[in-house]
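Heads up: the structure comes next, in structure tokens.
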DNA sequence: TCTAATTGATAACCCATAGGCATTAATTAA
DNA sequence: TTAATTAATGCCTATGGGTTATCAATTAGA
């Protein structure tokens, strides 16, 4: 009876909680189904709470199980991070900060930030990962990221958001296009062209903004293609598949075979924000925040 | 070689980190010293970091070990709390909130708060513990308390503090004392009496304030006794050992055989504050904060 | 300087238990 | 009904956590 809870129990519990299926979870864990069943049962006995409802043919989480799953996700991430941090400290480093970012942040503010931080904290290591707005929110939530660079208007209430850079929008055209700096006055001039946009699931705010820019000028853009990568969008424009509207700062950092025309007289701005969580325990986060 | 870290390793590590002595730690864990040595060594191999320096005759933590100890303290508290919370949810309760408080908070604001919260969240359970300012700060830090009711001016930077109640000070006198509401105009009138104060290690802000009240009136109090309990202080005053200065609200809730005279014309206020940490993951904390 | 005591690490053995296999009971789909 | 699929049980094995005995290294004391 004097059993102890171990991380093993937690690992197994999370596998079953995710699969909601003992056999599949067992496969994923490379152990047998009976062994898994027994460990879960033991865990339920130790805690004294039923975590799964084995109702007829399907397995579901109880309320207590749902709560426990959330917390254990967090706890595992925190343990992983702690061990990583322990290794870094052992090697004389001051720590690691995990950064998520939209591709478009890599052109302007992010590189500067990295250089500045590195100058002040040469032993701080970065883990950089390009990901979509929503994946970043999720990862920050789960303590898989310390900070995210996103284009979002709102975030869950337990998270913090701060706008750090405001950019204008530019029209992206093939080099041979008739419009140029001299004769371009309004987006209306390309209302008949095909539009290439960032996917709305990559950044819905951006998508909505492009739509409202066009609406304000009295037309609805014909969207022919969508992509999540700036590079791809430029390639499509270059190849004559249409035109695009992107944050102006994206013109730097690529070997462009397209031309950028900054759009005049519009209210919409491309805002880049940072998101983070107050309950983050990484001391390096506070050092980073000083630079923002 | 394919060993896994388990909670067992963490438990053992913390024991050695606290005792800094393998044999004593082993005794505390009710296992043998060689067994413990092996597990610690295994843990160091798995993480890949030396956690202890077995320098000659004494054991000390490495930098990485110190960091890991702090984080594991937090992680264990969090796991304990999570399991407790899981059991409460299982029983249909909404959760538990752990409250620390100074005795003097039990007279005024705390009872009201408890009643109000209970009205809105009848299933929320309280764990109440009377403790000193500094123990509360420490306990909040370690995630052993969710919220503390203290009299402090400053707290560590990663903690939050908010003043929720401001009280005047009163002079406490034996019933037979010559001063009364009619003829009491200044603390100066008791400058020759012996003073009984709260111990400075219980609340140094309070102690300093009393001293500054007297200084402002041009004298230094002769302190004859100190105590951590209001009840004791009243008893001493009643028995003629001297006079005291305490927050006015302390006159409620005791069966008093002393008289309170509110001190006029002083700037000092007895401030009661709540402290908590932003990285607290107890959802009930947010519900409580709405009442403050 | 020599001895006794105390430290953590090693070596060899033991047994508790995590996990495997075979099987069962219960349900559903055909 | 049969066949298929679910999680739980019973029994067994072997990994590895914990034991005792011992060692090497250091320190305190005479």
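Chains as they are written, first to last, in the numbering used here: chain A, 12 to 303; chain B, 12 to 303. Glycine is no exception: its CB is placed at the ideal position from the N, C-alpha and C atoms. Note that this is a predicted model, so its numbers are computed, not measured.
- With a contact defined as Cβ atoms closer than 8 angstroms, residue 28 of chain A and residue 72 of chain A qualify at about 6 angstroms.
- By the criterion of a C-beta distance shorter than 8 angstroms, residue 132 of chain B is surrounded in its chain by 105, 295, 298, once the five residues flanking it on both sides are discounted.
- Membership of residue 170 of chain A in the beta strand (DSSP E) is indicated by the continuous run 170 to 178.
- Scanning the region 182 to 263 of chain A from its first residue to its last, the whole beta strand (DSSP E) runs of 3-plus residues come out as 205 to 209, 233 to 238, 254 to 258.
- For residue 94 of chain A, at least one C-beta of chain B is nearer than 8 angstroms to its own C-beta.
- Against chain A, the CB of residue 39 of chain B has no partner CB under 8 angstroms away; the residue lies outside that interface.
- Along the length of the region 39 to 74 of chain A, whole alpha helix (DSSP H) runs at least 4 residues long occupy 44 to 58, reported in chain order.
- Residue 163 of chain B is positioned such that its CB atom lies no closer than 8 angstroms to that of residue 110 of chain B.
- When the beta-carbon positions are compared, residue 257 of chain A and residue 195 of chain A stay at least 8 angstroms from each other.
- The C-beta of residue 36 of chain A comes no closer than 8 angstroms to any C-beta of chain B.
- In the DSSP annotation of this structure, residue 147 of chain B is not part of any beta strand (DSSP E); the continuous alpha helix (DSSP H) holding it starts and ends at 144 to 152.
- Annotated three-state conformation of residue 158 of chain B is strand, per DSSP.
- For residue 298 of chain B, the uninterrupted alpha helix (DSSP H) run begins and ends at 294 to 300, by DSSP.
- For a cut-off of 8 angstroms, the C-beta gap from residue 269 of chain B to residue 185 of chain B is around 6 angstroms, short enough to register as a contact.
- Rounded to the nearest whole angstrom, the CA to CA distance from residue 214 of chain A to residue 85 of chain A is 26 angstroms.
- Only residues of its own chain outside the window of five on either side were considered, and among them 111 have a CB closer than 6 angstroms to the CB of residue 142 of chain A, listed in chain order.
- With a contact defined as Cβ atoms closer than 8 angstroms, residue 175 of chain A and residue 120 of chain A qualify at about 6 angstroms.
- Residue state for residue 87 of chain B is assigned as helix, using DSSP reduced to three classes.
- When secondary structure is reduced to three states using DSSP, residue 279 of chain A falls in the coil class, being assigned neither helix nor strand.
- For residue 64 of chain A, same chain residues with a beta-carbon under 8 angstroms away, outside a window of 5 residues either side, are 70, 71, 72, 73 in chain order.
- Beyond the five residues adjoining it in sequence on each side, residue 272 of chain A comes within less than 7 angstroms, by CB distance, of 181, 182, 184, 190, 192, 195 in the same chain, given in chain order.
- DSSP places residue 109 of chain B outside any alpha helix (DSSP H); the residue lies instead in the beta strand (DSSP E), whose first and last residues are 106 to 112.
- A straight-line Cα-Cα distance of about 7 angstroms links residue 51 of chain B and residue 20 of chain B.
- For residue 170 of chain B, the CB contacts under 6 angstroms within the same chain, skipping 5 residues up- and downstream, are 286, 288 in chain order.
- Relative to residue 249 of chain B, the option among B/266, B/234, B/259 whose CA is nearest is B/266.
- Looking at the backbone, the Cα of residue 59 of chain B and that of residue 88 of chain A are separated by about 19 angstroms.
- Residue 141 of chain B is bridged by DSSP to B/112.
- Minimum Cα-Cα distance from residue 39 of chain B among the listed residues B/277, B/53, B/22 corresponds to B/22.
- Annotation: the continuous beta strand (DSSP E) that includes residue 272 of chain A extends over 269 to 273.
- Interface flag for residue 154 of chain B against chain A is unset, since no Cβ pair is found closer than 8 angstroms.
- Here residue 253 of chain B is near residue 206 of chain B, since their CB atoms are less than 8 angstroms apart.
- Membership of residue 133 of chain A in any alpha helix (DSSP H) is not indicated, and neither H nor E is assigned to it by DSSP.
- Residue 14 of chain A and residue 53 of chain A have their C-alpha atoms spaced approximately 8 angstroms apart.
- Interface annotation, residue 15 of chain A: in contact with chain B, CB-CB separation under 8 angstroms.
- Judged by DSSP in its simplified three-state form, residue 285 of chain A adopts strand.
- Rounded to the nearest whole angstrom, the CA to CA distance from residue 78 of chain A to residue 49 of chain A is 22 angstroms.
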